[in-house]
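Q:
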Amino acid sequence: EALGLWTIGEVLRIPREALASRFGVMLPQRLDQALGLLPETFVCERLLEPLTTLREWEVPIDDRFALGLVCRQMLGELLSMAERHGMGLQELEGELRTETGHVTIEIRLVEPTRDERHLAQLAELQLERRTWSGGVVAVRWAALRLGRLEQAQGSWFLDEAETKMARAFNG
């Protein structure tokens, strides 16, 4: 304001050397990142308070199919919460409280995702591998780590499968 700069366009018209000498090297670097001239790495961090969803029942659930359906719905809720932050899920922890104890399920992904079907399949695989006695009285899912999703230009002329193949081939 003191220099009469009100827009980014006005800042961009100032010579680079003058920007760095007046404002330090951070301003030209951040401008280049904002314009896509320099890469900017985003590091996923653990949430201070994880996004969580919880279901409890008075009558224990013995049916694994029903349990898988409940987990799928809960993962959908977590995805909606993460989407509000503009992020995808990268690390999840599930906990089943049974009549006799606790069973923990961990899902860690290399890249964040918003693919509910994929997450549900991973959760179902984890449920198949676990054994417990008694019925399940509560399920809790927590998103421990979120991450930014890769942004890619879509196409009006390719269907979703072709777009994914093109991204994989180019990326």
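Take 563 as the starting number for the sequence shown in this note's numbering and just add one per residue.
All C-beta atoms in this analysis are idealised placements derived from N, C-alpha and C, irrespective of residue type, glycine included.
What is the residue span of the beta strand (DSSP E) that P601 lies within?
A: Here the question's residue 601 lines up with position 39 in the sequence shown. Unbroken run through P601: none, as it is neither H nor E.
Q: Kindly identify the DSSP beta-bridge partner or partners of V665.
A: As a position in the sequence shown, residue 665 is number 103, starting the count at 1. V665 is bridged to L658.
Q: Going by DSSP in three states, A700 sits in which element: helix, strand or coil?
A: Along the sequence shown, read from residue 1 onward, the residue named residue 700 stands at position 138. DSSP places A700 in strand when its eight states are reduced to three.
Q: Measure how close the beta-carbons of A682 and R634 come, nearest whole angstrom, since I'm counting them as under 8 Å.
A: Sequence index remark: in the sequence shown, residue 682 carries index 120 (1-based). Sequence index remark: in the sequence shown, residue 634 carries index 72 (1-based). Confirmed, Cβ separation roughly 4 Å.
Q: Bridge partners of R676, per DSSP?
A: As a position in the sequence shown, residue 676 is number 114, starting the count at 1. Paired residues: none, contrary to the question.
Q: Enumerate in chain order the residues of its own chain whose CB-to-CB distance from A580 is below 6 Å, with the five nearest sequence positions on each side excluded.
A: Start at 1 with the first residue of the sequence shown, and residue 580 comes out as number 18. Result list for A580: empty, nothing under 6 Å.
Q: Pick helix, strand or coil for A628, following the three-state DSSP scheme.
A: Here the question's residue 628 lines up with position 66 in the sequence shown. Correct three-state label for A628: helix.
Q: Are the Cβ atoms of L706 and E655 separated by less than 7 Å?
A: Mapped onto the sequence shown, residue 706 falls at position 144. Mapped onto the sequence shown, residue 655 falls at position 93. Against a cut-off of 7 Å, the Cβ pair of E655 and L706 comes out as a contact.
Q: Contact defined as beta carbons within less than 8 Å: I believe L637 pairs with E678. What is the distance between those atoms, to the nearest angstrom?
A: Looking up residue 637 in the sequence shown gives position 75. Looking up residue 678 in the sequence shown gives position 116. Yes, L637 and E678 are in contact; Cβ-Cβ is about 6 Å, under 8 Å.
Q: To the nearest angstrom, how far is it from the Cα of A644 to the Cα of L708?
A: Translated into the one-based positions of the sequence shown, residue 644 becomes position 82. Translated into the one-based positions of the sequence shown, residue 708 becomes position 146. Cα-Cα distance, rounded: 7 Å.
Q: What's the C-alpha gap between E686 and L629?
A: Residue 686 sits at position 124 when you count from the first residue of the sequence shown. Residue 629 sits at position 67 when you count from the first residue of the sequence shown. Each residue's Cα considered, the two are about 9 Å apart.
Q: Considering E563, what are the terminal residues of the alpha helix (DSSP H) in which it resides?
A: Start at 1 with the first residue of the sequence shown, and residue 563 comes out as number 1. From DSSP, E563 is part of no alpha helix (DSSP H); its letter is neither H nor E.
Q: Once the 5 residues before and after T614 are set aside, which same chain residues still bring their CB inside 6 Å of it?
A: The residue labelled residue 614 in the question sits at position 52 within the sequence shown. Once the five neighbours on either side are set aside, the close Cβ partners of T614 are A704.
Q: Can you name, in chain order, every residue of its own chain whose Cβ lies under 8 Å from the Cβ of L600, other than the five neighbours on each side?
A: In the sequence shown, counting from the first residue as 1, residue 600 sits at position 38. These residues qualify, in order along the chain: Q591, D594.
Q: Cα separation between T666 and L589?
A: Position 104 of the sequence shown holds residue 666. Position 27 of the sequence shown holds residue 589. Taking the straight line from one Cα to the other gives about 46 Å.
Q: E653 to L616, Cα distance in whole Å?
A: On the sequence shown, residue 653 is found 91 positions in, with the first residue counted as 1. On the sequence shown, residue 616 is found 54 positions in, with the first residue counted as 1. Computed Cα separation, rounded: 17 Å.
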